[in-house]
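Right, one structure below, let's go through it.
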Amino acid sequence: LANNGGPTMTNALLPGSPAINAGNTATSPNTDQRGAARVGTADIGAFEVNTSANLSAQLPDGVVQTPYSYTVVHDRGAFTYSLTGGALPSGISLSTNGAIVSIRGTPTVIGAFTFSITATDGTNSFVTDYSLTILPPADGAPPATTITGRPSAYTNSRNATITFTGSDDVTPAGSLSFEGKLDTGNFSPVTSPVTLTGLGEGSHTYQVRARDGSGNVDPTPASVSWTVDATPPTIAIGAPSRTLANASSTVTYLVTYSDANLTGSSLTASNVTLNKTGTANAIVTVDNGSASTRLVTLSGLTGDGTLGISIAANTASDLAGNFAPGAGPSATFTVDTTP
Numbered sequence: 001l002a003n004n005g006g007p008t009m010t011n012a013l014l015p016g017s018p019a020i021n022a023g024n025t026a027t028s029p030n031t032d033q034r035g036a037a038r039v040g041t042a043d044i045g046a047f048e049v050n051t052s053a054n055l056s057a058q059l060p061d062g063v064v065q066t067p068y069s070y071t072v073v074h075d076r077g078a079f080t081y082s083l084t085g086g087a088l089p090s091g092i093s094l095s096t097n098g099a100i101v102s103i104r105g106t107p108t109v110i111g112a113f114t115f116s117i118t119a120t121d122g123t124n125s126f127v128t129d130y131s132l133t134i135l136p137p138a139d140g141a142p143p144a145t146t147i148t149g150r151p152s153a154y155t156n157s158r159n160a161t162i163t164f165t166g167s168d169d170v171t172p173a174g175s176l177s178f179e180g181k182l183d184t185g186n187f188s189p190v191t192s193p194v195t196l197t198g199l200g201e202g203s204h205t206y207q208v209r210a211r212d213g214s215g216n217v218d219p220t221p222a223s224v225s226w227t228v229d230a231t232p233p234t235i236a237i238g239a240p241s242r243t244l245a246n247a248s249s250t251v252t253y254l255v256t257y258s259d260a261n262l263t264g265s266s267l268t269a270s271n272v273t274l275n276k277t278g279t280a281n282a283i284v285t286v287d288n289g290s291a292s293t294r295l296v297t298l299s300g301l302t303g304d305g306t307l308g309i310s311i312a313a314n315t316a317s318d319l320a321g322n323f324a325p326g327a328g329p330s331a332t333f334t335v336d337t338t339p
């Protein structure tokens with residue numbers, strides 16, 4: 001007697017014993033006294049003859065989306081092989097050709113996998129537990145970052161929204177992380193979109209860079225620059241070209257617009273209001289001038305009194321969309337057309 005497993009001491013059947021496979025499987029339990037599953041016709045004895053051995057092996061690592069092949073050659077004769085536990089990585093399959101067992105395919109998922117392959121000839125069985133790890137591909141290339149939405153180059157808003165995305169040869173775009181910074185600040189984690197508020201007037205630069213799953217960082221962050229200009233152009237009306245005028249006189253006012261980002265002026269006679277006293281009156285004309293100056297001319301003077309001018313709002317604008325306010329009343333001059 002010997003301890004062959006189970007609750008009692010038993011005698012092992014010897015090779016070639018007539019008791020091997022001599023039982024009635026239909027009336028036998030599914031397992032022997034040790035709890036071992038039947039591997040063929042039931043034996044007449046305390047336990048099922050089974051030379052099975054549970055072995056384990058670590059297979060070479062594979063790389064996702066890269067063809068994998070590993071071959072095991074057994075010397076156990078006419079055995080059949082099958083997957084009896086665990087699961088192969090998606091994309092990997094088991095194939096057999098006699099004593100040659102092949103584990104091959106192109107894995108599509110990353111992770112650690114365990115599975116069991118059983119070799120059996122109907123009487124004896126051998127189980128090998130395998131471990132296989134599928135790794136991400138080697139990733140030495142940094143990701144790229146792209147800004148997809150930005151403020152206008154010139155804006156009168158002190159707020160800005162910036163959107164961005166990234167791409168990488170390994171890490172999916174949705175799994176990239178990002179770091180951003182404004183002007184001379186430090187990079188810190190951000191997600192798209194980034195909303196900036198309370199910006200001061202002047203130029204600003206925002207940079208953003210992607211980081212992939214291997215820690216590689218875009219060495220050339222995407223960058224966008226713009227100017228916040230919330231100040232409208234100023235307008236100034238110069239002094240009249242003379243302080244006393246008669247019917248034959250022509251009097252001019254130089255109107256000057258100032259703004260670092262001035263785009264031009266649109267002043268016409270319809271934007272000029274005459275400020276009159278007494279019976280004084282005049283004809284108003286405006287020359288084309290330049291983007292920053294216009295010359296208002298008063299001619300055809302009639303009556304007696306004083307004249308001056310005022311300028312309506314919105315006669316000039318800048319790149320940020322700010323419009324000049326109105327101006328006036330100007331200094332006046334005296335009109336005396338009475339002989």
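Take the sequence shown: its position 257, counting from 1, is numbered 257 in full-length UniProt numbering, and each next residue is one higher.
Every residue gets a Cβ at the ideal spot worked out from N, C-alpha and C, and that includes glycine.
Legend entry - Spatially closest choice to Ser175 from Ser290, Ala210, Thr231, by CA coordinates: Ala210
Inset, instruction - Given a cut-off of 7 Å, decide if Val296 and Tyr257 are closer than it, judged by their beta-carbon atoms. - result: no
Inset, instruction - Keeping to the same chain, check which residues put their C-beta closer than 6 Å to that of Thr338; ignore five residues upstream and five downstream. - result: Asp304
Inset, instruction - Starting from Asn275, follow the beta strand (DSSP E) in both directions and report where the run begins and ends. - result: 272 to 278
Inset, instruction - Would you give the residue range spanned by the beta strand (DSSP E) that Ser223 belongs to? - result: 222 to 228
Inset, instruction - Compute the Euclidean distance between the alpha carbons of Val63 and Ser225, then round it to the nearest angstrom. - result: 42 Å
Inset, instruction - Give the DSSP bridge partners of Ser82, in chain order. - result: Thr118
Legend entry - Nearest-angstrom beta carbon gap, Thr118 and Ser95 [assumed within contact, 8 Å]: Their Cβ separation, rounded to whole angstroms, is 15 Å, which puts Ser95 and Thr118 out of contact at 8 Å.
Legend entry - Distance CB(Pro89)-CB(Phe113) smaller than 7 Å: yes
Inset, instruction - Kindly examine the ligand PLP and report whether one of its heavy atoms sits closer than 6 Å to the Cβ of Pro67. - result: The model depicted lacks the ligand PLP and carries no ligand whatsoever.
Legend entry - With 16 other Cβ atoms within 10 Å as the buried cut-off, status of Ala160: buried
Inset, instruction - Please determine if the segment 230 to 240 and the segment 259 to 266 are in contact, where contact requires at least 3 C-beta pairs separated by less than 8 Å. - result: yes
Legend entry - Contact between the segment 214 to 230 and the segment 270 to 282 (3+ Cβ pairs under 8 Å): no
Legend entry - Candidates Val251, Leu55, Thr148, of which the one nearest Ser167 by Cα: Thr148
Legend entry - Helix, strand or coil at Gly326 according to DSSP, with G and I counted as helix: coil
Inset, instruction - Have a look at Val286 and Gly308 and give me their C-alpha separation to the nearest angstrom. - result: 15 Å
Inset, instruction - Have a look at the DSSP bridge pairing and note the partners of Glu201. - result: DSSP, once it has assigned bridges, lists no residue as partnering Glu201.
Legend entry - Buried versus exposed, by CB contacts within 10 Å (16 or more), Leu301: buried
Inset, instruction - Determine the direct distance from the alpha carbon of Thr197 to that of Asp229, and round the result to whole angstroms. - result: 14 Å
Legend entry - Gly174, DSSP secondary structure in three states: helix
Inset, instruction - Taking Phe178 and Val190 to be in contact with their CB atoms under 8 Å, please state how far apart those CB atoms are, rounded to whole angstroms. - result: 5 Å
Legend entry - Span separating the alpha-carbon of Val335 from that of Ile283: 13 Å
Inset, instruction - Would you identify the three-state DSSP class for Ala269, choosing helix, strand or coil? - result: helix
Legend entry - Alpha-carbon spacing of Thr51 relative to Val127, whole angstroms: Caution applies to Thr51, whose pLDDT of 48 falls short of 50 and renders its modelled position unreliable; the value that the coordinates give is listed next. Near 10 Å, if we compare the C-alpha coordinates of Val127 and Thr51.
Legend entry - Per-residue DSSP class, three states only, for Pro189: strand
Legend entry - 6 Å Cβ shell around Thr227 - same chain, five flanking residues per side excluded: Tyr154, Ser203
Inset, instruction - Just mark Ser330 as buried or exposed, buried being the case when its beta carbon has 16 or more other beta carbons within 10 Å. - result: buried
Inset, instruction - Go to Gly149, then tell me how far its beta strand (DSSP E) extends in each direction, as first and last residue. - result: 144 to 149
Inset, instruction - Just the C-alpha distance for Phe333 and Ser299, rounded to the nearest angstrom, thanks. - result: 13 Å
Inset, instruction - Output the distance between the C-alpha atoms of Ala173 and Pro193, rounded to the nearest integer angstrom. - result: 15 Å
Inset, instruction - Quick one: give me the first and last residue of the beta strand (DSSP E) that Asp318 is part of. - result: 316 to 318
Legend entry - Buried or exposed by the 16-neighbour rule on C-beta atoms within 10 Å, applied to Leu55: exposed
Legend entry - Gln58, buried or exposed, once every other Cβ within 10 Å from all chains shown has been counted against 16: exposed
Inset, instruction - Compare the C-alpha of Thr279 against each of Ala138, Gly200, Thr306 and name the closest. - result: Thr306
Legend entry - Same chain only: Cβ atoms within 6 Å of Arg150, ignoring 5 sequence neighbours per side: Ile162, Val224
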